[in-house]
Amino acid sequence: MSYLESASLMSGTLESLSGLGEDGSSVGSDSEVNGVTARRTDKYGFLGGNQYSESGDKDIRLEVARQREMKWLEMFGNWDKWVKHRFQKIRCRKGIPSSLRSKAWQLLSNSQDLLDANPGKFEELEREPGEAKWLDIIEKDLHRQFPFHEMFAARGGHGQQDLYRILKAYTIYRPDEGYCQAQAPVAAVLLMHMPAEQAFWCLVQICERYLPGYYSAGLEAIQLDGEIFFSLLRRTCPMAYRHLKKFKIDPILYMTEWFMCIFSRTLPWSCVLRVWDMFFCEGVKIVFRVGLVLLKQMLGSVDKLRELQGMYETMERLRNISPDLLREDVLVQEIVVLPVTESLIERECTVQVRKWRESRGELTHQPGRRLNGTRAIHEGTEAGPPRTLPSFCSSIPPSSPHPPPPHTTTTPQKKKTKDPGTRKAGLLPGLIIIAGGGGFLQRVSLQTLYLVLVLWFRSTWRPGREGLPPPFLPPSSPRYDEGQVFYCYGC
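According to UniProt numbering, the sequence shown holds residues 1 to 491 in order.
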């Protein structure tokens, strides 16, 4: 007898449990199955508020909630247009309305298009037998996922059955990756908001587009992100960085559960939902920001560090975050203003990948490129599937420490001749000093730029051309200070 068949016998008739409670609890509660005493749940479906729901989150006024719902419905009606606008990011940071969160997450992650492109695929995966070693581990993990939530409170209840279906289907969909225990709470959060098939494709997008390599054997991707995270901590909160380095507390000891479960086991539930709203919109930088904000709040002052005299005390603080530090409004504001961007993470990733290769060799698993948020995912979908790259967070070749500027090329180019009369006045053909794009940032003094301009004019100017003549000599008293600098790309 399969697990699903035995679970159906255990749980009895689940149809009688469907319906929406007066307190807004989720559909299909299992809180009365198998002798579990029915208790009142909070608005998130937790029995007695066991997921820290007393976090001080404020109820939004009805008028404001209705306005937000109307704005999101308008966005749903023309999603391809709105996905390219900044309004979407601002509205995700304000919080997605609870009634529309399921649809919003599917559109933000582009899992809806994946579902439409694969009709019947989930049912096909369900019918496959699956690998026994993964199924045994999954079955043992089911009761550990949010046991105080009404969907997962009963062994063999409909929540655990759907969770089993999703995780089993993923091991068949990605046999090279199999099952990782951190996928279970992520899938459970998705199940709280959408049916099993939609949750499955949303999980696929998280594992392949948002956090590629996180759930592969060896956990190399999370180890690499741990080094990136520790380096970013040095920038954002040097005091916390020095304290953790003093006691040799490796990032992998405390940030693994944070990142791999996307803080679903760490934060009060109102904060979890706000973090996930921003995560689906803006990508992995939100995960980095949340972790940095937590460390800054826990270890960011002398008074807070005075009580932590060793590794044991510090680890206890990191495992048991004080509820006073987890107020929803304060936490979200700190996340939004923290100056950690995609480009900063990518640059630091380049450095850490190079260090990894020097000390450990090439990565064993080569996941696809990480896409930073919904806009990158939609643009990547329009351009085709993501390429397999040497690094999951960088598109540069192993031998290059910096990405090359977009105008450089390895193939020789034939020199093109133009009619001098067709050149517009003021254009500088061939001048690459001020070039935008992917070049790395350099600091160039104005005197150096001045000399380059002189050399360029002398090499390109010909009689009869428009523009300045060759005698373009510097004045006797330069107008620029020697120390004055400016930023340019591609120099």
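Just so you know, even glycine gets a beta-carbon here, dropped at the ideal spot from N, CA and C.
These numbers were taken from a predicted model, which means no experiment stands behind them.
1. With distances taken Cα to Cα, identify the nearest neighbour of Met315 among Ala65, Ile249, Thr41, Lys121.
2. Is the separation between the beta-carbon of Ile252 and that of Gly226 shorter than 9 Å?
3. If you draw a straight line from the C-alpha of Gly35 to the C-alpha of Lys43, how long is it?
4. Where does Pro97 land, buried or exposed, given buried means 16+ other C-beta within 10 angstroms?
5. For the segment 326-345 and the segment 202-221, state whether three or more C-beta atom pairs, one from each stretch, are separated by less than 8 Å.
6. Does the beta carbon of Met192 sit closer than 9 Å to a beta carbon anywhere in chain B?
7. Buried or exposed for Ser400, going by 16 or more other Cβ atoms inside 10 Å?
8. Less than 9 Å separating the beta-carbons of Glu358 and Lys89?
9. Quick one: what's got a C-beta closer than 8 Å to Leu114's C-beta in the same chain, skipping five residues either side?
10. Taking just the CA atoms, how far does Asp116 sit from Met194?
11. Any idea which residues DSSP pairs His149 with across the strands?
12. Identify whether Thr341 lies in helix, strand or coil by the three-state DSSP scheme.
13. Classify Val353: buried if its beta carbon has 16 or more other beta carbons within 10 angstroms, exposed otherwise.
14. Could you tell me the alpha carbon to alpha carbon distance between Ser18 and Glu334, rounded to whole angstroms?
15. Using 8 Å as the threshold, is the segment 150-169 in touch with the segment 185-199, meaning 3 or more CB pairs across them?
16. Taking the alpha helix (DSSP H) that Gly291 falls in, what are its first and last residues?
17. Should the segment 114-133 be regarded as contacting the segment 304-312, the criterion being three or more beta carbon pairs within less than 8 Å?
18. Do you know whose CA, among Arg93, Arg86, Leu371, Ala184, lies nearest Leu142's CA?
19. Taking only the alpha-carbon atoms, compute the straight-line gap between Arg242 and Lys304 and give it to the nearest angstrom.
20. Applying the 10 Å Cβ sphere with the 16-neighbour rule, what's the burial state of Phe229?
21. My understanding is that Ile262 touches Val336, with C-beta atoms under 8 Å, so please give their C-beta distance in whole angstroms.
22. Let me know if Gln67 comes out buried or exposed under the rule of 16 or more other beta-carbons within 10 Å of its beta-carbon.
23. In this structure, what does DSSP give as the bridge partners for Thr41?
24. Compare the C-alpha of Gly48 against each of Ala240, Arg375, Pro147 and name the closest.
25. Please state whether DSSP places Thr256 in a helix, a strand or coil.
26. Could you check where the alpha helix (DSSP H) with residue 505 kicks off and where it finishes?
27. Can you give the Cα-Cα distance for Leu233 and Lys245, rounded to whole angstroms?
28. Quick check: the Cα distance between Leu100 and Phe76, rounded to an integer number of angstroms?
29. Along the chain, where does the alpha helix (DSSP H) containing Ala154 start, and where does it finish?
30. For a test of the three-state rule: what should DSSP assign to Lys246, helix, strand or coil?
31. Please list, in chain order, all residues of the same chain as Met239 whose beta carbon is under 8 Å from its beta carbon, the five residues on each side excluded.
32. Count the other CB atoms, across all protein chains shown, that sit within 10 Å of the CB of His85; report buried if there are 16 or more and exposed otherwise.
33. Distance check for Asn110 and Met260, CA to CA, integer angstroms please.
34. Which residues in the same chain have their Cβ closer than 7 Å to the Cβ of Trp258, if we skip the five residues on either side of it in sequence?
35. Check Thr314 in the structure and name its three-state DSSP category.
36. Per DSSP, what kind of secondary structure is Asp481 in: helix, strand or coil?
The answer reads as follows:
1. Ile249
2. Yes, the pair counts as a contact, with Cβ atoms nearer than the cut-off.
3. In this prediction, Gly35 has a pLDDT of 42, which is less than 50 and means its spatial position is unreliable; what the coordinates show is noted afterwards. Near 23 Å, if we compare the C-alpha coordinates of Lys43 and Gly35.
4. By the 10 Å Cβ count, Pro97 comes out buried.
5. no
6. The structure shown contains no chain B, having only a single protein chain.
7. Interpretation of Ser400 is limited by its pLDDT of 41, a score under 50 that renders its predicted location unreliable; the figure taken from the coordinates is listed afterwards. The residue is exposed, with fewer than 16 neighbouring Cβ atoms inside 10 Å.
8. Glu358 places its beta carbon 9 Å or farther from that of Lys89.
9. Trp201, Val204, Gln205
10. 16 Å
11. Phe46
12. coil
13. buried
14. With a pLDDT of 33 at Ser18, under the threshold of 50, the predicted position of this residue should be treated as unreliable, though the coordinate-derived value follows. Cα to Cα, the separation comes out at about 39 Å.
15. Contact between the segment 150-169 and the segment 185-199 is present, because at least three Cβ pairs lie under 8 Å.
16. 285-299
17. no
18. Ala184
19. The alpha-carbon separation between Arg242 and Lys304 amounts to approximately 14 Å.
20. buried
21. With 8 Å as the limit, Ile262 and Val336 do not qualify as a contact, their Cβ atoms being about 17 Å apart.
22. exposed
23. Leu47
24. Pro147
25. helix
26. Residue coverage of the chain in this structure runs from 1 to 491, which leaves residue 505 outside it and unanswerable.
27. Cα-Cα distance, rounded: 11 Å.
28. 10 Å
29. From DSSP, Ala154 is part of no alpha helix (DSSP H); its letter is neither H nor E.
30. helix
31. Leu299, Gly300, Ser301, Val302, Leu305
32. exposed
33. 20 Å
34. Cβ within range, chain order: Thr266, Gly291.
35. helix
36. Because the pLDDT of Asp481 is 40, which lies under 50, any placement of that residue in the model is unreliable, and the question is left without a value.
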